[in-house]
Amino acid sequence: MEDKIKFYIKETLEEVAQAIETGTFGKKTRVGITTLGSEHGEMEIIRGAELASYRNSHIEVVVIGHNVTTELELIKVNSEEEAHEVMNRLLAEEKLDAAVTMHYNFPIGVSTVGRVITPGRGTKMFIANTTGTSHTNRAISMIKNTISGIAVAKACGIKRPTVGILNIDGARQVEKSLRKLAENGYDIEFVESARSDGGVVMRGNDLLIGVPNVMTMDSLTGNVMMKIFGAYGSGGDYESIGYGYGPGVGEGYDKIVCIISRASGSNVIAGAIGYAAVCAYGNLTEKVDDEYYKANLAGLKHTVEEILAKDTKGSSKDDDGVKIPPAKPTSADISGIEILELDDAVESLWKEDIYATSGMGCTGPIVMLAEEDKEKAMEILKEKGFL
Numbered sequence: 006m007e008d009k010i011k012f013y014i015k016e017t018l019e020e021v022a023q024a025i026e027t028g029t030f031g032k033k034t035r036v037g038i039t040t041l042g043s044e045h046g047e048m049e050i051i052r053g054a055e056l057a058s059y060r061n062s063h064i065e066v067v068v069i070g071h072n073v074t075t076e077l078e079l080i081k082v083n084s085e086e087e088a089h090e091v092m093n094r095l096l097a098e099e100k101l102d103a104a105v106t107m108h109y110n111f112p113i114g115v116s117t118v119g120r121v122i123t124p125g126r127g128t129k130m131f132i133a134n135t136t137g138t139s140h141t142n143r144a145i146s147m148i149k150n151t152i153s154g155i156a157v158a159k160a161c162g163i164k165r166p167t168v169g170i171l172n173i174d175g176a177r178q179v180e181k182s183l184r185k186l187a188e189n190g191y192d193i194e195f196v197e198s199a200r201s202d203g204g205v206v207m208r209g210n211d212l213l214i215g216v217p218n219v220m221t222m223d224s225l226t227g228n229v230m231m232k233i234f235g236a237y238g239s240g241g242d243y244e245s246i247g248y249g250y251g252p253g254v255g256e257g258y259d260k261i262v263c264i265i266s267r268a269s270g271s272n273v274i275a276g277a278i279g280y281a282a283v284c285a286y287g288n289l290t291e292k293v294d295d296e297y298y299k300a301n302l303a304g305l306k307h308t309v310e311e312i313l314a315k316d317t318k319g320s321s322k323d324d325d326g327v328k329i330p331p332a333k334p335t336s337a338d339i340s341g342i343e344i345l346e347l348d349d350a351v352e353s354l355w356k357e358d359i360y361a362t363s364g365m366g367c368t369g370p371i372v373m374l375a376e377e378d379k380e381k382a383m384e385i386l387k388e389k390g391f392l
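What follows is the structure in structure tokens.
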């Protein structure tokens, strides 16, 4: 009798994610990790990187660091800035599939989708979003966070992620806008609160239980949540549980850069590397483009315009057509500016012939500019009341 060979085809990305975690198949996914900047020292990062490599034989970890010793592939650098330059180059050259790092400045429009293990049930839940900002308008940013969260969940193998909206300022407006997109054809699966009165607006209890796959909120609230979920068992100065603050996601953003905190411990670092690998294997950037394409077909851009029109109705601000100065490398940044004033702060520098752009650092909004312009720019921003 002829031998029969059965081929087991993994039909869902969820099964693929499991295969990555157990290291059971195929071509390795290369994930870079930078080591400089940790509050616990470079060796804490190395322990996390080696743990990820040990747990996941499918992942090839590339360390970008300074004063470290490891059997993993190592690229030596002398500063955080150089580490990010090397990391970005390797991503651009497709020598890395994804990267994990700290203190990375995303452009406005890109924010990160975190992943946590909930203490109530031990389930995994996506926090949308956790660093960066999807838009300077709060409601718009939360709508886009939802779309980004759905895309990341799909890249991680969840075919139809459930969505809940945290009960914070703007939640009802966000719910109304998302339901309108759903009525226009955007496929979104709302979930009911576990509390007796139900509803898509989630309470703190729902956070602890992990009721939705994707919990929508603004990134500043999400950042706090990530710290609580990651460090509630350690006293606060060491993040010991979870997967980190996740990949930067935005319409048209074409690389996978996942964020960890300077307080992240080795277990979280290992989790973040695994999270990055799953996102890469699940074609995250394609999933994001596809999700925004479908949302735009359902009227996302019109929804954004409506919200902005309501916010600016009655405003007496004139459009004076400020000319943007010639571009320069933005190697310096200025923090401490309120997010709602960020665009005005940048424009005030343009008026003084200083090139600047807006961005989001790990601690909040930043103005990015050339090092030689920083001192003068700070004087201008203080004089105008932005600092």
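Numbering-wise (this note's numbering), the sequence shown opens with residue 6 and increments by one.
For glycine and all other residues, C-beta sits at the position ideal for the given N, C-alpha and C.
With 16 other Cβ atoms within 10 Å as the buried cut-off, status of residue i
i, result
"alanine 160", "buried"
"isoleucine 155", "buried"
"aspartate 211", "buried"
"glutamate 44", "exposed"
"valine 91", "buried"
"histidine 307", "exposed"
"serine 320", "With a pLDDT of 44 at serine 320, under the threshold of 50, the modelled position of this residue cannot be trusted, and the question is left open."
"asparagine 404", "Here the chain has residues from 6 to 392 only, and residue 404 is not among them."
"valine 229", "exposed"
"serine 201", "exposed"
"asparagine 83", "exposed"
"leucine 345", "exposed"
"glutamate 384", "exposed"
"glutamate 388", "exposed"
"tyrosine 258", "buried"
"tryptophan 102", "Correcting the residue identity first, residue 102 is aspartate in this sequence and not tryptophan. Buried, by the Cβ-count rule."
"lysine 81", "exposed"
"tyrosine 286", "buried"
"glutamate 380", "exposed"
"lysine 292", "buried"
"glutamate 98", "exposed"
Beta-carbon proximity of residue i to residue j, cut-off 8 angstroms
i, j, result
"methionine 147", "asparagine 218", "no"
"leucine 41", "glutamate 85", "yes"
"isoleucine 329", "valine 372", "no"
"tyrosine 109", "histidine 89", "yes"
"threonine 135", "glycine 227", "yes"
"leucine 302", "glycine 190", "yes"
"asparagine 61", "glycine 279", "yes"
"valine 121", "alanine 133", "no"
"threonine 167", "valine 206", "no"
"methionine 220", "glycine 276", "no"
"glutamate 296", "isoleucine 145", "no"
"isoleucine 312", "asparagine 172", "no"
"valine 309", "tryptophan 355", "no"
"alanine 337", "tyrosine 360", "no"
"asparagine 272", "serine 245", "yes"
"glycine 37", "leucine 95", "yes"
"leucine 386", "threonine 335", "no"
"cysteine 284", "valine 179", "no"
"glycine 253", "phenylalanine 111", "yes"
CB-CB length for residue i against residue j, believed under 8 angstroms
i, j, result
"arginine 35", "glutamate 76", "About 16 angstroms separates the two Cβ atoms, so there is no contact after all."
"alanine 281", "valine 105", "5 angstroms"
"isoleucine 274", "glycine 70", "Not confirmed; about 12 angstroms, so no contact."
"serine 116", "asparagine 150", "7 angstroms"
"glycine 249", "isoleucine 264", "6 angstroms"
"arginine 208", "serine 198", "6 angstroms"
"glycine 255", "glycine 114", "5 angstroms"
"aspartate 378", "serine 363", "That belief does not hold up - the Cβ atoms of aspartate 378 and serine 363 are roughly 15 angstroms apart, past 8 angstroms."
"leucine 213", "threonine 128", "Not a contact, Cβ separation roughly 10 angstroms."
"glycine 125", "glycine 215", "7 angstroms"
"histidine 63", "lysine 100", "The Cβ separation is near 17 angstroms, so there is no contact."
DSSP bridge partner residues for residue i (one or two, in chain order)
i, result
"isoleucine 122", "Lys129"
"leucine 171", "Met207"
"cysteine 263", "Val105 and Pro252"
"threonine 34", "Ile64"
"valine 293", "Per DSSP, none; premise fails for valine 293."
"valine 115", "Thr138"
"serine 269", "Glu244"
"threonine 151", "Answer by DSSP bridge pairing: none, since threonine 151 is not bridged."
"threonine 40", "BP columns for threonine 40 are empty, so no partner."
The ligand HEM heavy atom lying under 7 angstroms from the CB of residue i
i, result
"valine 105", "Among the components modelled here there is no ligand, and therefore nothing to report on the ligand HEM."
- Item | Continuous alpha helix (DSSP H) assignments of at least 4 residues falling wholly in the stretch 176-247 | 176-188, 209-214 and 224-236
- Item | Contained alpha helix (DSSP H) runs [length at least 4] in the stretch 44-83, N- to C-terminal order | 47-60
- Message: Runs of 3 residues minimum, wholly inside the stretch 306-391: which ones carry the beta strand (DSSP E) assignment?
- Response: 337-340, 361-366 and 369-374
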